[in-house]
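Going left to right, the sequence shown walks through residues 120 to 332 as the working numbering numbers them.
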Amino acid sequence: MSFVVAIDGPAASGKGTLARRLARHYGFAYLDTGSLYRAVGQAVRDAGSDPADETAALAAARALDINRINEKAIRTREAGEAASLVAVMAPVRAAILDFQRDFAANPPGGQKGAVLDGRDIGTVVCPDANVKLFVTASPEVRAHRRWLELKGSGSAVSEAQVLEDTRERDARDAGRAASPMKQAADAHLLDTTNLSIEAAFGEAVRIIDKSMS
120 MSFVVAIDGP
130 AASGKGTLAR
140 RLARHYGFAY
150 LDTGSLYRAV
160 GQAVRDAGSD
170 PADETAALAA
180 ARALDINRIN
190 EKAIRTREAG
200 EAASLVAVMA
210 PVRAAILDFQ
220 RDFAANPPGG
230 QKGAVLDGRD
240 IGTVVCPDAN
250 VKLFVTASPE
260 VRAHRRWLEL
270 KGSGSAVSEA
280 QVLEDTRERD
290 ARDAGRAASP
300 MKQAADAHLL
310 DTTNLSIEAA
320 FGEAVRIIDK
330 SMS
């Protein structure tokens, strides 16, 4: 049986960096579930449609091929906004749910475990995960991290605009009817506002090792 680590939290909390590092540490498969929604949102935009159009978003979700996702294209601010719009749609989430659950139960490459990060992994996708972490940080710190990423990729967006986007996205993710972002009752909280990635990684490993023992 696959050992599953579910990591949830808002954008730029550090959950993706932590999840990738944990997957490497334990030799587990890794899935960034947010990239699936980014890919769907970007596909809708590429087709010239509105990401708020549920019919177009559902068609893109059903046609999604994880092996053809353009990582660079889905990491833009626009792709992130599109992802937030399509992710509130129950039919889109349902279309992607089975893929996520199968990945967790049957990790590719024969690995003995899987690390999935997103916003509803511990509550909806893998409610029976062996370990659940909820990674967060203050909106200001997360916005600053995201702004640095965007600045590094050549974006001219202001930090104030990124902070506004961050707060709007938090509200959408936490307030949506379908699988809202929230900490699972049995999830361990990791606040990275004043925590280095090294410290966060160390704490996560302590929690996971304890569960494995």
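Where is the CB? At the ideal position from N, CA and C, for every residue including glycine.
For clarity, every value in this text was computed on a predicted model and none was experimentally measured.
Check	Outcome
Kindly list the residues whose CB is nearer than 6 Å to the CB of A262, restricted to its own chain and excluding five residues on each side of it in sequence; keep chain order.	V281, L282 and T285
Is it the case that the Cβ atoms of A131 and R295 are separated by a distance below 8 Å?	no
Measuring alpha carbon to alpha carbon, tell me which of R196, V159, D217 and S257 ends up nearest G273.	R196
Taking the runs of the alpha helix (DSSP H) that are 4 residues or longer, which of them lie wholly in the segment 172-198?	173-181
Hey, could you find the ends of the alpha helix (DSSP H) G146 is sitting in?	From DSSP, G146 is part of no alpha helix (DSSP H); its letter is neither H nor E.
Is the CB-CB distance between I188 and A158 below 8 Å?	yes
Hey, could you find the ends of the alpha helix (DSSP H) A125 is sitting in?	Element bounds for A125: not the alpha helix (DSSP H) but the beta strand (DSSP E), F122 to D127.
Smallest Cα separation from V205: which of L309, A179 and V123?	A179
With a floor of 3 residues, list each beta strand (DSSP E) that falls wholly inside the segment 229-317, ordered by position along the chain.	232-237, 250-255 and 307-310
Going by alpha carbons, who is nearest to K329 out of G237, T312 and H307?	H307
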